[in-house]
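Each remark here refers to the structure printed beneath this line.
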Amino acid sequence: MGSDVEEIAREEQDVPTYAASIPVPNVQEMVKGDPSHIPERYVRNQEDMPKTTYMKSLSSKIPVIDLSLLSNGHEEELKKLDQALKEWGFFQVVNHGVSERVLQEQKLDWSDALILVTFPSKFRRLKFWPSTPKDLKEIIETYSTEVRRVAEELLGSISFIMGMEKNTLLTVHKEMIQALRINYYPHCPKPDEVLGISPHSDASTITILLQEDDLNGLQISHGGEWVPVEPISNALVVNVGDVSEIWSNGKYKSIEHTAVTNENKARISCIISLPTMSKLDHWIIW
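Residue numbers for the sequence shown follow my numbering, beginning at 1216 and rising by one.
Written as structure tokens, this is what we have:
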């Protein structure tokens, strides 16, 4: 019995610490209470907003990578990945092998923002996980495992095009940390006055995003303009994080991006990020 208690205590010491969250109103509940009102705290200065002249024409030029070709070492697809990392820092992934059912189940209306560490499993703080729906844990487990496979394939290809052994980046990560964030953006009566998420880059190696198929909200900075990332059905959006930019000596770019709101429809996005252990304590866990 004593050894079991000691083992549990050691595991608790190994669990990373998390930043405390700042109490903020639930946006979803505010919208339900008065859908026509935006509290002053949420209204942005116009200079903070993406310009209305954003380059929608560039949306079609955002690279699309076929993971099935990449996994087989297809030379042209590896070149496309290299160019995407250098020139855009963002790309969409198709033929990734994650079933449509798993992708659709992941799109759940849980809260304004929910962040959970999913891997390694010993770092899961289950007391923070919602109790409903009943199959929540199974959905997260399945989706996180599938996206982890995609991430490992991508990191292997990135290692290769950087001139290293294919498993180098995975080895550097050692026990790779994976965190899941779900963002819920209620419809907004004045989308030109607020931002869903302020412009930022990601403190991660790579980030993998699942967008809703019929509603765009993600915009990325490219060439001094904001470019909307138009959803491709069942595709995953991938972007370079700060860690990859550092590891590549600036060859691959960690690009600023933002999320805008919609006047008529709510939007949900699901993000899986691969931070290093040293970055994990900067995450806010809800």
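Positions of the beta carbon are idealized from the N, C-alpha and C atoms, including for glycine.
>> Going residue by residue through the stretch 1443–1487, where are the continuous alpha helix (DSSP H) segments of at least 4 residues, counting only ones entirely within it?
In response: 1457–1462
> If you follow the beta strand (DSSP E) that S1436 is part of, which residue opens it and which one closes it?
Replying inline: 1433–1437
> How is D1350 classed by DSSP in three states: helix, strand or coil?
Replying inline: coil
> Taking the C-alpha atoms as reference points, what is the distance between E1361 and S1419?
Replying inline: 19 Å
> What number of angstroms, rounded off, separates the C-alpha of H1388 from the C-alpha of V1365?
Replying inline: 16 Å
> Rounded to whole angstroms, how far is the Cβ of Q1358 from the Cβ of V1317, which I believe are closer than 8 Å?
Replying inline: Looking at the sequence itself, residue 1358 is Tyr, so the reference to Gln does not match. That belief holds up - the Cβ atoms of Y1358 and V1317 are roughly 6 Å apart, short of 8 Å.
> Should the stretch 1421–1441 be regarded as contacting the stretch 1287–1298, the criterion being three or more beta carbon pairs within less than 8 Å?
Replying inline: Under the Cβ criterion (8 Å, minimum of three pairs), the stretch 1421–1441 does not count as touching the stretch 1287–1298.
> Can you tell me where the alpha helix (DSSP H) with H1415 in it begins and where it stops?
Replying inline: It is not in any alpha helix (DSSP H) - H1415 instead sits in the beta strand (DSSP E) that spans 1412–1415.
> Got a sec? Which residues, its chain only, sit under 7 Å from S1413 by beta carbon, not counting five neighbours each side?
Replying inline: T1473
>> So, at 8 Å on beta carbons, what are the nonlocal neighbours of G1506 in its own chain, with the 5 sequence-adjacent residues on each side left out?
In response: Given a span of 1216 to 1501 for the chain in the structure shown, any question on residue 1506 remains unanswerable.
> For the alpha helix (DSSP H) that L1395 lies in, which residues bound it at each end?
Replying inline: Counting along the chain, no alpha helix (DSSP H) covers L1395; the unbroken beta strand (DSSP E) around it starts and ends at 1393–1400.
> For F1375, which residues does DSSP report across the bridge?
Replying inline: Paired residue(s): none; F1375 is not in a bridge.
> With C-beta atoms as the reference, is S1436 less than 8 Å away from S1469?
Replying inline: Cβ atoms of S1436 and S1469: not closer than 8 Å.
> Name the DSSP bridge partner or partners of I1441?
Replying inline: Reading off the sequence, residue 1441 comes out as Trp, not Ile. Looking at the DSSP output, W1441 shares a beta bridge with S1436.
> Just reading off the beta strand (DSSP E) that Q1158 is part of, what are its end residues?
Replying inline: Past the boundaries of the shown model lies residue 1158; the chain is included only from 1216 to 1501, so the question cannot be answered.
> For Q1307, does the count of other Cβ atoms within 10 angstroms reach 16, so buried, or fall short, so exposed?
Replying inline: buried
> Per DSSP, L1425 forms a beta bridge with which residues?
Replying inline: C1485
> What is the DSSP secondary structure of D1297, counted as helix, strand or coil?
Replying inline: helix
> Which value, in whole angstroms, describes the spacing of the CA atoms of S1403 and I1397?
Replying inline: Inspection of the sequence shows that residue 1403 is occupied by Cys rather than by Ser. Straight-line Cα distance between these residues: approximately 18 Å.
> Anyone know if the C-beta pair for V1210 and G1304 falls short of 8 Å?
Replying inline: The question about residue 1210 has no answer, for the chain in this structure spans 1216 to 1501.
> Residues in its own chain within less than 6 Å of I1447 by CB, not counting five upstream and five downstream?
Replying inline: Q1307
> Cβ of E1395 within 8 Å of Cβ of V1453?
Replying inline: Contrary to the premise, residue 1395 reads as Leu rather than Glu in this sequence. No, the Cβ-Cβ distance between L1395 and V1453 is not below 8 Å.
> For Y1467, which option in Q1298, K1294, I1280, V1279 has the closest C-alpha, if you only look at C-alpha atoms?
Replying inline: Q1298
> With a CB to CB cut of under 8 Å and the five nearest residues on each side skipped, what residues in its chain are close to I1486?
Replying inline: L1395, R1396, I1397, N1398, T1422, I1423, L1424, L1425
>> Quick check on DSSP: helix, strand or coil for L1430?
In response: Note: L1430 maps to coil in three-state DSSP.
>> Rounded to the nearest angstrom, what separates I1277 and L1300 at their Cα positions?
In response: Rounded to the nearest whole angstrom, the CA to CA distance from I1277 to L1300 is 11 Å.
> Taking C-alpha atoms, which residue in A1450, D1281, K1294, K1480 lies nearest to F1375?
Replying inline: K1294
>> Can you check which of these residues, M1391, W1462, V1313, is closest to G1198 by C-alpha distance?
In response: Residue 1198 is absent from the structure shown; the chain starts at 1216 and stops at 1501.
> For S1236, does the count of other Cβ atoms within 10 angstroms reach 16, so buried, or fall short, so exposed?
Replying inline: With a pLDDT of only 49 at S1236, under the threshold of 50, the placement of this residue in the model should not be trusted; the figure read from the coordinates follows. Under this definition S1236 is an exposed residue.
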